[in-house]
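Chemist:
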Amino acid sequence: MINFLNSVSYNAWILHALLAVPLLGALAIFLAPAGVAKRLALVVTLAEFVLSAGLWWSVNTINGTMELLSSTPWIPGWGISYAVGIDGISLMMVLLTTMLMPLCVLGSFNSITQKEKGYYALLLILTTGMIGVFIATDMFLFYVFWEVMLIPMYFLIGIWGGKNRLYAALKFFVYTMAGSLLMLVAILVMVRVAAVMSGTVSFSYFHLLSYAQSPIMGRVAPWLFLAFFLAFAIKVPMFPFHTWLPDAHVEAPTAGSVILASVLLKMGTYGFLRFALPFFPNVAYSQAVEGIVVTLAVIGIIYGALVAMVQPDIKKLVAYSSVSHLGFAMLGIWAGSIQGVQGALMVMIGHGFSTGALFFLIGMLYERRHTREISAYGGLARVIPVFSLILTVVSLASIGLPGLNGFVGEFLVLIGSFREYPVATGLATTGVIFAAAYLLWALQRLIFNRLDKPENQTIPDLTRRELIVLMPLLVGIVWMGLYPKPVLDKMEPAARRFIMTVRGMPVPGEEVVPIREVAR
Amino acid sequence: MTGLNLTTPTGTLIALLPELVVTATALIVLLLNAWRHQTAADSKLAGWVALAGIGAATAVLVALWRAGLVAEGPPHMVALDGYRFASLLLVLIASAGAILLSLDYLEREDLIAPEYYALLLMATSGMMFLAGAEDLIVLFLGLEVMSVPIYVLAAFNRRSVLSAEAGIKYFLVGAFASAFLLYGIALVYGATGQTSLTAVGASIAQHGMSPMAAIGVALILIGLGFKVASVPFHMWAPDVYDGAPTPVTAYMATGVKVAGFVALVRVLMVGFGTSIDTWQPLVGTLAAASMIVGNLVALVQRSIKRMLAYSSIAHAGYILSAVWAGSRAGASATLLYLGAYVLTTLATFGILGILGRGGERDVTVDSIAGLARNRPWIAFALTICMFSLLGFPGTFGFIGKWAILTAVTAEHHRLLAIVLVLTSLVSAGYYLPVVRSIYMREPVSDQAHDGAVLPPAAKWAVAIGVVLILVFGVIPQILVTGSDQSAASFAGTVLDRIGR
Chain A
276 MINFLNSVSY NAWILHALLA VPLLGALAIF LAPAGVAKRL ALVVTLAEFV
326 LSAGLWWSVN TINGTMELLS STPWIPGWGI SYAVGIDGIS LMMVLLTTML
376 MPLCVLGSFN SITQKEKGYY ALLLILTTGM IGVFIATDMF LFYVFWEVML
426 IPMYFLIGIW GGKNRLYAAL KFFVYTMAGS LLMLVAILVM VRVAAVMSGT
476 VSFSYFHLLS YAQSPIMGRV APWLFLAFFL AFAIKVPMFP FHTWLPDAHV
526 EAPTAGSVIL ASVLLKMGTY GFLRFALPFF PNVAYSQAVE GIVVTLAVIG
576 IIYGALVAMV QPDIKKLVAY SSVSHLGFAM LGIWAGSIQG VQGALMVMIG
626 HGFSTGALFF LIGMLYERRH TREISAYGGL ARVIPVFSLI LTVVSLASIG
676 LPGLNGFVGE FLVLIGSFRE YPVATGLATT GVIFAAAYLL WALQRLIFNR
726 LDKPENQTIP DLTRRELIVL MPLLVGIVWM GLYPKPVLDK MEPAARRFIM
776 TVRGMPVPGE EVVPIREVAR
Chain B
209 MTGLNLTTPT GTLIALLPEL VVTATALIVL LLNAWRHQTA ADSKLAGWVA
259 LAGIGAATAV LVALWRAGLV AEGPPHMVAL DGYRFASLLL VLIASAGAIL
309 LSLDYLERED LIAPEYYALL LMATSGMMFL AGAEDLIVLF LGLEVMSVPI
359 YVLAAFNRRS VLSAEAGIKY FLVGAFASAF LLYGIALVYG ATGQTSLTAV
409 GASIAQHGMS PMAAIGVALI LIGLGFKVAS VPFHMWAPDV YDGAPTPVTA
459 YMATGVKVAG FVALVRVLMV GFGTSIDTWQ PLVGTLAAAS MIVGNLVALV
509 QRSIKRMLAY SSIAHAGYIL SAVWAGSRAG ASATLLYLGA YVLTTLATFG
559 ILGILGRGGE RDVTVDSIAG LARNRPWIAF ALTICMFSLL GFPGTFGFIG
609 KWAILTAVTA EHHRLLAIVL VLTSLVSAGY YLPVVRSIYM REPVSDQAHD
659 GAVLPPAAKW AVAIGVVLIL VFGVIPQILV TGSDQSAASF AGTVLDRIGR
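In order, the protein sequences belong to chains A and B.
First residue of the first sequence: 276, per the numbering used here; consecutive thereafter.
First residue of the second sequence: 209, per the numbering used here; consecutive thereafter.
1. Cβ atoms of residue 449(A) and residue 636(B): under 8 Å apart, would you say?
2. Give me the residue from 556(A), 684(A), 631(A), 653(A) with the minimum Cα distance to residue 617(A).
3. When the distance is taken between beta carbons, is residue 721(A) closer than 8 Å to residue 655(A)?
4. On a CA-only basis, which of 275(B), 529(B), 479(B) is nearest residue 499(B)? Give me that one, please.
5. For residue 650(B), count neighbouring Cβ atoms within 10 angstroms of its own Cβ and tell me buried if that reaches 16, exposed if not.
6. For residue 651(A) versus residue 765(A), is the C-beta spacing smaller than 8 Å?
7. Kindly say whether residue 644(B), judged by its beta-carbon, lies nearer than 8 Å to any beta-carbon of chain C.
8. Out of curiosity, what's the CA-to-CA distance linking residue 589(A) and residue 592(B)?
9. When the distance is taken between beta carbons, is residue 638(B) closer than 8 Å to residue 506(B)?
10. Pull the bridge partners of residue 572(B) from the DSSP assignment, please.
11. For the alpha helix (DSSP H) that contains residue 218(B), what are its first and last residues?
12. Residue 417(A): which of 543(A), 565(A), 705(A) sits nearest, CA to CA?
13. Using the Cα positions of residue 288(B) and residue 296(B), report the straight-line distance between them to the nearest angstrom.
14. Candidates 315(A), 486(A), 282(A): which alpha carbon is nearest residue 381(A)'s?
15. Mark residue 610(B) as exposed unless 16 or more other C-beta atoms lie within 10 angstroms of its C-beta, in which case mark it buried.
16. When Cβ atoms are compared, which residues of the region 683-696 of chain B fall closer than 7 Å to chain A?
17. Find the nearest neighbour of residue 486(B) within the set 534(B), 551(B), 456(B), 513(B), judged by alpha-carbon distance.
18. Could you work out which residues of chain B lie near residue 452(A), taking near to mean beta carbons separated by less than 7 Å?
19. Name the chain B residues whose beta carbon is nearer than 7 Å to that of residue 422(A)?
20. Report buried or exposed for residue 562(A), applying the criterion of at least 16 other Cβ atoms within 10 angstroms of its Cβ.
21. Grab the span of the beta strand (DSSP E) containing residue 281(A) for me, first residue to last.
22. Could you tell me how far apart the beta carbons of residue 495(B) and residue 579(B) are, in whole angstroms, since I believe they sit closer than 8 Å?
23. Of all the alpha helix (DSSP H) runs that stay within the bounds of the region 393-453 of chain A, which reach a length of 4 or more residues?
24. Specify, as a first and last residue, the run of the beta strand (DSSP E) that residue 652(B) falls within.
25. Can you tell me whether DSSP reads residue 543(A) as helix, strand or coil?
26. Between residue 627(A) and residue 537(A), which are expected to be in contact by the criterion C-beta below 8 Å, what is the C-beta distance as a whole number of angstroms?
27. Take the Cβ of residue 261(A) as the centre, count every other Cβ of all protein chains shown within 10 Å, and call the residue buried at 16 or more, exposed below.
28. Residue 746(A): buried (16+ other C-beta within 10 angstroms of its C-beta) or exposed?
29. Short of 7 Å in beta carbon distance, which residues of its chain neighbour residue 433(A), apart from the five on each side in sequence? Order them along the chain.
30. Does any residue of chain A bring its CB to less than 8 Å from the CB of residue 583(B)?
31. Could you name each continuous alpha helix (DSSP H) segment of 4 residues or more that falls completely within the region 278-344 of chain A, going from the start of the chain to the end?
32. I'd like the span of the beta strand (DSSP E) that includes residue 361(A), first residue to last.
33. For the region 451-477 of chain A, which residues have a CB atom closer than 7 Å to at least one CB atom of chain B, in sequence order?
34. Within 8 Å of any Cβ in chain B, is that where the Cβ of residue 418(A) sits?
35. Give the single residue among 406(A), 460(A), 493(A) whose Cα lies nearest to the Cα of residue 472(A).
36. Are any of the Cβ atoms in chain A nearer than 8 Å to that of residue 679(B)?
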């Protein structure tokens, strides 16, 4: 494989192609007749996935450094370049994105019946934005992708969303923008300070990283960190910045919810891993900040789970469960141990698979009955057994049943953070129990119980198209649950490098082995 | 580089060629009106002649700019540097845009009076004098030549009470502003014995800032603050913007702002560059107040035209932040943002002009619901404009805002930067509903937007504006370099001296 990739000098063009292909696809959809829009989008997203798959082999993740670096001056007058690169962490995020997009397109085939051209074009533009966020190594470029992504999502929610879509779209937009604008000021101040010290104005990530630890930066670091923190915490979302999430999730069309949960939320945690913590480790690991973040993470875990439990709307239940799951990711990241960070990354990926699948399933149910009220269902297992089986498996994965992917991440996070934060970890563990409570209870009310509603008796089971949408996710859920080693191995050097940057010390190699055994 | 002695009549004439071309065209249009002023075709003819004049002036301007003229001998009356040329170009673009928008608008609204274009050209020449003034007397003359035709233009719709109100209101407030400015000039002259900005600057550098000069510069700031509609001198703006015919509003919002801000930058940096500490707090306060008040009040407006009036106050605040920086980066950011603002505002008002009738006062966020369904291109253009005004990445507005933020953070005023981004966030609260209404709501009826058709001339103006907004939003390098060099050519004489 690697020989073939080298023979087409894959590494030289792949990152640019990943950004360009969806944009060109969007343009093609715009010009093509409306009837072929969805098929064209499917072809483009599949091509994008096939293209990106080569990254698995071609990116050298052994060193944990950014690879495939490329930089072209963009606005040289301001020290801005078009600079991209990829490491083990970005690799997984990019693959997660490209894998989900064809499923999102395929999953929308029946549910989106109006303004198809616009819908699929926006999905493709969104793809470029998401990939751009994960591979940008220039802060200006990163910021542009981070913001530009808002527009397609805003329209996806606002045009194809549910009843209360206008409110949800605006809330989503304003919340995210509020955080990122402050980050913009922080980036500018950082660049300014680095320019004073180095004599060059540059928005390069590496340039800023090398000056981030200097004493002059140290004086403003708390404020800069605060700005970055807000931007990313809103995106994650951490309690108490999560209020936009339930609205956006519930009102978004199925594909929008899937993308929101599976990719967009990960941008927050990715931002912490890539920017906020490596830039300002001293602030992030100061006692006060550490205490606040860990407390908020634990509150998020428990609060999200408790609120999820009482939701009458199944989509809202899953939305709140995201708050809970991402709390684990935050806890693991802050623990700063290899297990913690690896666990956080696994939570990010695992949540992408299982919550993505849950949203797809809910969407499919909604298309059949046009309600998301849990109380409107009951006894579905007898009517639609395949659907019920898949829903059960995915729910169990989300709960964290050993052997499925949810378990690996949460378990790693819990052991990874136990030494640092025993009390917080103990409290977080209850989140797992609550997760079992809310999901199993929901399952009981949806697919078990008595089949007492006449309108539920004629629901058709999953079609072949829907099965095709769900299968890759199911395979991923089981594969990463049983054998997460390849994924963990790809990310481990990058995670170690992250820890080295933030903790200022190398991590001994032998620590990770037993954990991997356990996870297996 | 060619030297040009401005103290000789020939030198001054060459330096003022663009202004002279515009003034001459104004006279030609006036003569033309004398025997052809009856029909809509006559009005259009005058418009095209005016546009040709603007084109000729632009050609002359570009030729002068490329010749790389520099002043030989002492500075005299009018500046001769890249900053002036760049700002003149912006003024000419604003005028050309306003003419293109007016051509069919006047016919539709039955405002057949070809003098309109003569007035517009006279105002343009006034703006050019104001933007290029190197002497306080020229500055005042430019301001008056600019203002008087615009008073008339604001009241141009004789049949509309609101238009008349706009005219009289603007006239009264403008008279006050002129008085403030003139008094300020008198005090500065009293303190320094000079009217030439460079000489004033030298005197201030030598003797320091006397209280009299400080009051003088504050009064000049107030006078120009009225013209650019900064808080607390903004009270006239909403009513005047609202009442005036829409192309005139577009012209006021763009041309007057360009001229006013460029004059302000020149006065503050050339004349009072050494005593930056005196005026920075004032400008900073005005900037913050304008951003806060403009954005918050815009939130509660129903009429889009009125909302844009308040938003233009907010934009004045953003630009004042750049002026506040008092540095080369600040001067450059002022130009860049003005460029973005001119293009976006012209396109926005161009579209607004076809969405309603009779001055477009009743075009609300609700009445444009579902525009995207019947008029996808116009909807798209308006959306791009809204995102550009919001300062969203991918549009020219973002580049401008980025330049301002860079300039402000470089001078270590993080509070101003934070006020800027937070108020920008507030502005999402009134720009986004427009987008939302266009795309996410259903039209009131199927025929709701049948009348929303851009006439050919306005279509070109809007299309070029929107394309440029997008192009410069993605590849702004040429403008970044251009504005920086323009600021340097002017700052080179000033900033090196004061060591900034």
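For each residue, glycine too, the CB sits at the ideal point set by N, CA and C.
Modeler: Reading from the atomic positions:
1. The beta carbons of residue 636(B) and residue 449(A) sit closer together than 8 Å.
2. If we check each option's Cα against that of residue 617(A), 684(A) comes out closest.
3. Yes; because the gap between Cβ atoms is below 8 Å, this pair is in contact.
4. Closest by alpha carbon: 529(B).
5. Label assigned to residue 650(B): exposed.
6. No, the pair does not count as a contact, with Cβ atoms beyond the cut-off.
7. The structure shown has no chain C; the protein chains it does contain are A and B.
8. Whole-angstrom Cα-Cα distance: 37 Å.
9. Against a cut-off of 8 Å, the Cβ pair of residue 638(B) and residue 506(B) comes out as a contact.
10. BP columns for residue 572(B) point to 511(B).
11. Start and end: 217-223.
12. Ranking the options by Cα distance to residue 417(A), first place goes to 543(A).
13. Looking at the two C-alpha atoms, the distance is approximately 11 Å.
14. Among 315(A), 486(A), 282(A), the Cα nearest to that of residue 381(A) belongs to 315(A).
15. Looking at its Cβ environment, which holds 16 or more other Cβ atoms inside 10 Å, residue 610(B) is buried.
16. If the cut-off is 7 Å between Cβ atoms, the region 683-696 of chain B has 684, 685, 688, 689, 692 near chain A.
17. Selected option, being the one with the closest Cα: 534(B).
18. Under the 7 Å cutoff, chain B gives 633, 636.
19. Chain B residues near residue 422(A): 600, 601.
20. Counting every other CB atom within 10 Å of its CB across the protein chains shown gives residue 562(A) a total below 16, marking it as exposed.
21. Membership of residue 281(A) in any beta strand (DSSP E) is not indicated; the residue belongs instead to the alpha helix (DSSP H) covering 277-282.
22. Their Cβ separation, rounded to whole angstroms, is 34 Å, which puts residue 495(B) and residue 579(B) out of contact at 8 Å.
23. If one requires a minimum length of 4 residues, the alpha helix (DSSP H) runs lying completely within the region 393-453 of chain A are 414-423, 425-435, in chain order.
24. Residue 652(B) -> no beta strand (DSSP E), and no H or E assigned at all.
25. Here residue 543(A) sits in helix by DSSP.
26. At roughly 4 Å, the Cβ-Cβ gap stays under 8 Å, so residue 627(A) and residue 537(A) are in contact.
27. Residue numbering for chain A in the displayed model covers 276 to 795; residue 261(A) lies beyond these limits and cannot be assessed.
28. The residue in question, residue 746(A), is exposed, as its Cβ has fewer than 16 Cβ neighbours within 10 Å.
29. Excluding residues within five positions, the ones whose Cβ falls inside 7 Å are 440, 441, 444.
30. Interface residue (Cβ-Cβ distance to chain A less than 8 Å): residue 583(B) is not classified as such.
31. DSSP runs (the alpha helix (DSSP H)) wholly in the region 278-344 of chain A: 285-306, 312-328, 330-333.
32. DSSP places residue 361(A) in the uninterrupted beta strand (DSSP E) bounded by 355-361.
33. Under the 7 Å Cβ criterion, the region 451-477 of chain A contributes 452, 453, 456, 457, 459, 460, 463, 464, 467.
34. Taking Cβ atoms only, chain B reaches closer than 8 Å to residue 418(A), which makes this a yes.
35. Measuring from the Cα of residue 472(A), the nearest candidate turns out to be 493(A).
36. It does not: the Cβ of residue 679(B) has no partner Cβ on chain A nearer than 8 Å.
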